[in-house]
Amino acid sequence: MPDVRPISWLKAAEKEFLTFPYQAQIDMRTALTIAARGGKADIAKPFKGAGSGVFEIALRHRGNAFRAIYAVQIGEALWVVDAFQKKSKSGIKTPQADVDRIKERIKRLKEALR
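According to our numbering, the residues represented by the sequence shown are 8 to 121, in order.
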């Protein structure tokens, strides 16, 4: 069996994730497990604007859009750095404030793990 990376969460990301509907949580955890095993789920794609090795799980559930952002190139673990319900006023594009928050969290995480 291939190596499975541990899945670690930033506290704020996990807190928000736990507000998602139960089925959305299950679907996202499944996608994260696939990533931890070295794969990429169908609902995951590279997240533009935060550097390489950062992915977004995009999930629609009962008319709502949920997102989880994870990084695979920080330490030994797969790190979930953000989770949010997308309520974009600009269509499919992730609002700049969310992108900035994700970039800042990744920067702080890298500094903390040095």
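Note that the Cβ used here is the ideal one computed from N, Cα and C, for glycine as well.
3 or more residues per run - each beta strand (DSSP E) lying fully within the stretch 20–79: 51–53, 61–68 and 71–78
Cβ distance (whole Å) where residue 84 is taken to contact residue 13 below 8 Å: Within the sequence shown, the letter at position 77 stands for residue 84. Within the sequence shown, the letter at position 6 stands for residue 13. Confirmed, Cβ separation roughly 5 Å.
Distance, residue 65 Cα to residue 100 Cα: On the sequence shown, residue 100 is found 93 positions in, with the first residue counted as 1. On the sequence shown, residue 65 is found 58 positions in, with the first residue counted as 1. If I take the Cα positions, the gap works out to 12 Å.
Own chain residues within Cβ distance below 6 Å of residue 73, not counting five before or after: Walking along the sequence shown from the start, residue 73 turns up at place 66. Within the same chain, residue 73 has close Cβ partners 27, 31, 66 and 92.
Own chain, CB closer than 7 Å to residue 23, minus 5 neighbours either side, in chain order: Residue mapping note: residue 23 aligns to position 16 of the sequence shown, counting from 1. Here the set comprises 90 and 91.
Beta bridge counterpart(s) of residue 117 as assigned by DSSP: For the purposes of this step, residue 117 is taken as residue 110 along the sequence shown, with counting starting at 1. None; residue 117 has no bridge partner.
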